[in-house]
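Chemist:
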Amino acid sequence: MSIEPPTDASAYDFSHRIRVRFAETDAMGIVHHSRYLPYLEEARVEYLRHIGHPYNEIRAEGVDMAVLEAGVQYRQPLKFDDVVDVHVAMGPVTRATFQMVYLLTVDGVIHSTGVTVHGAVTPEGRATRLPQWLRSFSNGSSGA
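My numbering puts the sequence shown at residues 2 to 145.
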């Protein structure tokens, strides 16, 4: 991971809304730390759909996006029934990897930030080049 997620929501070009379910919380009604990664994944998949590259189409082209690294900084707990805005933006892109940054807010208040690092792999799990549309992010393009 080579990027610090921005804490200003305006730095993100996409947001996905999630409501915290009771099953995701502990006995105190606080979201268990293990549930944050699925929130990031759900928002990431929606982001890809939003920019015109649904994940199922990427996979149909013979490419998967393996998670190589993931990190979450917990600032304030999420609680049952919170409506969470998961802001998503593309981070650094290289020939073989890309990073995504996340900001989780409730009513504009920061609750956590996250970063995921991904590598392109074949269906057999072998490293492969990122698709051209994704590599274009390194040139400042939106990729859409």
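Every residue, glycine too, gets a C-beta built ideally from N, C-alpha and C. Computed from a predicted model, the values in this text were never measured in an experiment.
Going by C-alpha distance, which of His-54, Glu-47, Ser-137, Glu-70 is nearest Val-89?
Modeler: What you label residue 89 is simply residue 88 of the sequence shown in a count that begins at 1. That would be Glu-47, whose Cα lies nearest to the Cα of Val-89.
Chemist: Taking Val-118 and Gln-100 to be in contact with their CB atoms under 8 Å, please state how far apart those CB atoms are, rounded to whole angstroms.
Modeler: Within the sequence shown, the letter at position 117 stands for residue 118. Within the sequence shown, the letter at position 99 stands for residue 100. With a Cβ gap of about 5 Å, Val-118 and Gln-100 count as contacting.
Chemist: On the premise that Gln-74 lies in contact with Ser-113, defined as a C-beta separation below 8 Å, what is that separation, rounded to the nearest angstrom?
Modeler: Sequence index remark: in the sequence shown, residue 113 carries index 112 (1-based). Sequence index remark: in the sequence shown, residue 74 carries index 73 (1-based). Taking 8 Å as the upper bound for CB-CB distance, Ser-113 and Gln-74 are in contact here, some 6 Å apart.
Chemist: Smallest Cα separation from Ala-24: which of Arg-36, Val-110, His-17?
Modeler: To locate residue 24, count along the sequence shown from 1; it is residue 23. Nearest of Arg-36, Val-110, His-17 to Ala-24, Cα basis: Arg-36.
Chemist: Where does Ser-143 land, buried or exposed, given buried means 16+ other C-beta within 10 angstroms?
Modeler: As a working mapping, residue 143 is identified with position 142 in the sequence shown. Since pLDDT at Ser-143 reaches only 48, below the 50 mark, its modelled position is unreliable, and the value read off the structure follows with that caveat. Burial call: exposed.
Chemist: Could you name the residues of the same chain whose beta carbon sits closer than 7 Å to that of Asp-14, not counting the 5 residues immediately before and after it, in chain order?
Modeler: Residue mapping note: residue 14 aligns to position 13 of the sequence shown, counting from 1. So the qualifying residues of the chain are Ala-90.
Chemist: Classify Val-84: buried if its beta carbon has 16 or more other beta carbons within 10 angstroms, exposed otherwise.
Modeler: Mapped onto the sequence shown, residue 84 falls at position 83. So Val-84 ends up on the exposed side.
Chemist: What residue from Thr-95, Leu-105, Met-66 has the CA that sits closest to Ala-121's CA?
Modeler: Locating residue 121 in the sequence shown gives position 120, where the first residue counts as 1. Restricting attention to Thr-95, Leu-105, Met-66, the CA atom closest to the CA of Ala-121 is found in Met-66.
Chemist: Which residue from Ile-111, Gly-109, Thr-123, Thr-98 puts its Cα closest to that of Arg-136?
Modeler: Within the sequence shown, numbered from 1, the residue matching residue 136 stands at position 135. Ranking the options by Cα distance to Arg-136, first place goes to Thr-98.
Chemist: How big is the Cα-Cα spacing for Asn-57 and Ala-44?
Modeler: Within the sequence shown, numbered from 1, the residue matching residue 57 stands at position 56. Within the sequence shown, numbered from 1, the residue matching residue 44 stands at position 43. In a straight line, the C-alpha of Asn-57 is about 15 Å away from that of Ala-44.
Chemist: Report the rounded CA-to-CA distance for His-33 versus Pro-55, giving the unit in angstroms.
Modeler: For the purposes of this step, residue 33 is taken as the residue at position 32 of the sequence shown. For the purposes of this step, residue 55 is taken as the residue at position 54 of the sequence shown. Each residue's alpha carbon lies about 28 Å from the other.
Chemist: Rounded to the nearest angstrom, what separates Arg-18 and Met-29 at their Cα positions?
Modeler: Taking the sequence shown and counting its residues from 1, the one referred to as residue 18 is at position 17. Taking the sequence shown and counting its residues from 1, the one referred to as residue 29 is at position 28. C-alpha separation (whole angstroms): 23 Å.
Chemist: To the nearest angstrom, how far is the alpha carbon of Glu-125 from that of Arg-60?
Modeler: Taking the sequence shown and counting its residues from 1, the one referred to as residue 125 is at position 124. Taking the sequence shown and counting its residues from 1, the one referred to as residue 60 is at position 59. Distance between the alpha carbons of Glu-125 and Arg-60 is about 12 Å.
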